[in-house]
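Under the numbering used here, the first residue of the sequence shown is numbered 1, with each subsequent residue one higher.
All C-beta atoms in this analysis are idealised placements derived from N, C-alpha and C, irrespective of residue type, glycine included.
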Amino acid sequence: MMIETLERSISQGIPAPAAQPLNLRDAALEPIRSKVERGERLTIEDGRVLFATRDIHSVLAMADGVRRRLHGDVAYYNINRHLNYSNVCALSCKFCDFYAKVGESKAYTRDVEYIRGEAIKAVESGATEMHIVGGLHPQLPFSYYTDMLRSIRTVAPGLHLKAFTAVEIVHLAKIAKVYKGASGSDDSAITARREAIRYVLSELKDAGLGSLPGGGAEVFDDRVHDQAFKGKIRSDVWLTVHDVAHELGLNSNATMLYGHIESRDDRLVHLDMLRRAQDHSLTRLGYTPSADGSVTLTKPGTELPLQVASKRPKDAAPAGYFQTLIPLPFFPDGSELEKLAGPSGLENYRTLAVARLMLDNFPHIKAFWIMQTLPLAQVMLQSGADDLDGTVVWYDITHVGGASTHQEVNVPVLHKAIREAGFKPVERDTLYRRVEREGKKWWIAGSR
Ligand code: V47
């Protein structure tokens with residue numbers, strides 16, 4: 001009987017406890033609490049305090065307060081498919097267990113026919129999004145990528161294509177032979193780089209690209225970069241790709257890979273660089289920045305970018321923005337950094353909460369259940385995250401706890417996880433618009 005009652009209350013949703021006045025156990029958190037309540041930007045020094053305090057519960061509770069201010073009692077998920085078109089990669093990043101070299105037995109490259117078949121299956125299952133990424137393939141021509149998007153669009157015109165990380169975009173600029181003179185740090189190289197990136201993104205957008213995923217950011221620190229992912233683009237180029245995407249009206253996401261050889265300070269610098277880039281994009285969207293150039297969304301009553309974007313005149317210049325940060329805990333298994341332990345559970349919670357508190361201008365923080373695991377992701381919904389990602393189905397980049405490439409949750413499981421955490425599950429599309437559906441048929445709420 002008690003179990004039945006429990007099951008019933010979980011399926012109907014137990015309201016999460018209302019925010020309680022916080023009894024801080026560490027006085028060093030007091031000035032930070034005041035800033036958070038007023039929606040003021042935290043400094044890197046504040047971030048250090050949040051990482052150092054033993055009062056982790058207050059850190060999680062403050063992040064929960066911000067998350068509730070922005071999203072109330074709603075938690076998002078989507079119905080999506082991840083597709084890796086190839087694992088062949090010219091790079092050999094130490095943290096990565098995904099890449100293969102041409103000729104290796106584990107190497108694969110999907111042809112356009114295969115990808116089209118996956119898109120049809122995705123539509124038949126009711127998915128709204130396909131998340132497409134791969135390695136830096138040394139031989140595929142630029143036309144492979146545009147053909148891939150066009151052929152998906154032909155069979156699945158309503159499927160949002162979130163595709164290609166920033167490092168892939170730069171690789172495509174190289175194989176499209178538009179990257180000449182774009183590699184240095186002088187002004188002419190910087191201009192050439194923006195033009196090359198703009199060319200590639202415009203071609204891809206024309207072929208059906210809907211937004212950029214957040215992958216490949218890793219940690220924006222040159223020392224860590226050179227030790228763990230040398231050969232990948234550095235932070236300045238990663239940020240340029242996303243800025244040009246925003247200029248073209250494409251939204252994008254950002255990731256932060258943590259728990260390997262970076263320090264907590266490196267994470268804070270990473271978050272600070274992202275929020276400064278977002279200041280710029282939100283100003284272009286129409287927000288008025290403060291005197292120091294900052295734009296925060298956490299001041300009570302501030303409209304979220306989705307609402308601001310929906311009110312812009314039809315003929316306004318395009319303006320995209322970062323939608324979400326996805327903190328990615330490092331999984332050492334199978335990588336060259338296998339001797340490292342990876343982050344602990346507490347470090348995962350704390351990092352996500354600190355990200356919510358520092359990134360005052362990112363509307364969303366995603367607890368990617370594939371890497372965080374669903375049990376941890378549920379608690380993260382109560383400590384800063386408002387989104388779990390989606391049903392996924394196939395995922396080949398990490399195999400947490402020995403998982404196979406088939407990593408799938410169905411909608412009832414996501415609903416139950418969200419309700420059990422005290423929130424209302426809301427299906428979203430890639431751009432965080434609410435989705436309504438009848439079975440496999442879906443539409444954006446309010447669009448009909
Ligand atoms: O860029 C690679 C990371 C990322 C490991 O935009 C690893 O909505 C942990 O970017 N341990 C790909 N992480 C995943 C990604 C992503 C996922 C979900 C949603 C979105 C989004 C983006 O995975 C890579 C890299 O940073 N990664 N190896 C590893 N051993």
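Around the Cβ of residue i, are there at least 16 other Cβ atoms within 10 angstroms (buried) or fewer (exposed)?
{"i": "Q307", "result": "exposed"}
{"i": "R448", "result": "exposed"}
{"i": "V219", "result": "buried"}
{"i": "L359", "result": "buried"}
{"i": "D186", "result": "exposed"}
{"i": "E262", "result": "buried"}
{"i": "R67", "result": "buried"}
{"i": "G446", "result": "exposed"}
{"i": "S11", "result": "For S11, the pLDDT reaches just 42, beneath the cut-off of 50, and the residue's location in the model is therefore unreliable, leaving the point undetermined."}
{"i": "A119", "result": "buried"}
{"i": "E303", "result": "exposed"}
{"i": "L346", "result": "exposed"}
{"i": "G184", "result": "exposed"}
{"i": "E427", "result": "buried"}
{"i": "G103", "result": "exposed"}
{"i": "S105", "result": "exposed"}
{"i": "Y99", "result": "buried"}
{"i": "R356", "result": "buried"}
Secondary structure at residue i, three-state DSSP: helix, strand or coil?
{"i": "E438", "result": "strand"}
{"i": "R54", "result": "coil"}
{"i": "P327", "result": "strand"}
{"i": "A316", "result": "coil"}
{"i": "I132", "result": "strand"}
{"i": "H242", "result": "helix"}
{"i": "S151", "result": "helix"}
{"i": "F322", "result": "strand"}
{"i": "I197", "result": "helix"}
{"i": "G345", "result": "helix"}
{"i": "I3", "result": "Caution is warranted here: a pLDDT of 43 is assigned to I3, below 50, making its placement in the model unreliable, and the coordinate value is therefore given only provisionally. If DSSP states are grouped into helix, strand and coil, I3 belongs with the helices."}
{"i": "K339", "result": "coil"}
{"i": "H466", "result": "Any question about residue 466 goes unanswered here, given that the chain covers just 1 to 448."}
{"i": "S447", "result": "coil"}
{"i": "Y258", "result": "strand"}
{"i": "L209", "result": "strand"}
{"i": "I365", "result": "strand"}
{"i": "S252", "result": "strand"}
{"i": "K180", "result": "coil"}
{"i": "A163", "result": "strand"}
{"i": "R234", "result": "coil"}
{"i": "R41", "result": "coil"}
{"i": "R25", "result": "coil"}
{"i": "E427", "result": "strand"}
{"i": "L352", "result": "helix"}
Alpha carbons only, please: which of the options is nearest the one belonging to residue i?
{"i": "T53", "options": "A189, A353, I169 and Y144", "result": "A353"}
{"i": "V155", "options": "A166, R116 and K174", "result": "R116"}
{"i": "G293", "options": "S344, A245, G249 and N361", "result": "N361"}
{"i": "A176", "options": "D315, Q139 and A90", "result": "Q139"}
{"i": "L328", "options": "K205, R41, G126 and G214", "result": "G214"}
{"i": "T405", "options": "V411, W394, V413 and V36", "result": "W394"}
{"i": "I370", "options": "Q323, Q382, E203 and Y77", "result": "Y77"}
{"i": "R38", "options": "I152, T298, A417 and S143", "result": "T298"}
{"i": "T398", "options": "Y179, A385 and G334", "result": "G334"}
{"i": "P318", "options": "T302, R284 and V435", "result": "R284"}
{"i": "I390", "options": "Q372, L24 and Q382", "result": "One detail in the question is off: residue 390 reads as Gly in this sequence, not Ile. Of the listed residues, the one whose Cα sits closest to G390 is Q372."}
{"i": "W442", "options": "E129, S34 and A27", "result": "E129"}
{"i": "K94", "options": "D73, F331 and D206", "result": "F331"}
{"i": "I79", "options": "E30, L91, H131 and A90", "result": "H131"}
{"i": "M273", "options": "V409, S310, K311 and R234", "result": "R234"}
{"i": "A228", "options": "C96, G286 and Y179", "result": "C96"}
{"i": "A217", "options": "D243, S188, A189 and T255", "result": "T255"}
Since residue i and residue j should fall inside the 8 Å C-beta cutoff, what is the C-beta to C-beta distance between them, to a whole number of angstroms?
{"i": "G158", "j": "N251", "result": "With 8 Å as the limit, G158 and N251 do not qualify as a contact, their Cβ atoms being about 17 Å apart."}
{"i": "V167", "j": "L136", "result": "7 Å"}
{"i": "P295", "j": "D315", "result": "Correcting the residue type first, residue 295 is Val in the shown sequence and not Pro. Not confirmed; about 23 Å, so no contact."}
{"i": "V49", "j": "N84", "result": "Actually they are not in contact, since the Cβ atoms of V49 and N84 sit about 40 Å apart, beyond 8 Å."}
{"i": "S86", "j": "T109", "result": "4 Å"}
{"i": "T324", "j": "R267", "result": "T324 to R267, Cβ: 17 Å. No contact."}
{"i": "L22", "j": "S383", "result": "13 Å between Cβ atoms; not a contact."}
{"i": "D396", "j": "H160", "result": "Incorrect: roughly 21 Å between the Cβ atoms, too far for contact."}
{"i": "I32", "j": "L42", "result": "6 Å"}
{"i": "K424", "j": "V74", "result": "5 Å"}
{"i": "L239", "j": "V200", "result": "The Cβ separation is near 16 Å, so there is no contact."}
{"i": "F164", "j": "L212", "result": "7 Å"}
{"i": "G259", "j": "G342", "result": "5 Å"}
{"i": "L71", "j": "D386", "result": "Correcting the residue identity first, residue 71 is His in this sequence and not Leu. Their Cβ separation, rounded to whole angstroms, is 4 Å, which keeps H71 and D386 in contact under 8 Å."}
Within 6 Å: the Cβ of residue i and any heavy atom of the ligand COA?
{"i": "L340", "result": "Of the ligands one can find in the structure shown, namely the ligand V47, none is the ligand COA."}
Legend entry - Sequence ranges, alpha helix (DSSP H) only - wholly within the region 267-310, length at least 4: 305-310
Legend entry - Secondary structure, alpha helix (DSSP H): runs of 4+ residues fully inside the region 368-425: 369-372, 374-381 and 411-420
Legend entry - Residue ranges of each alpha helix (DSSP H) within the region 45-126, 4 or longer: 56-71 and 112-124
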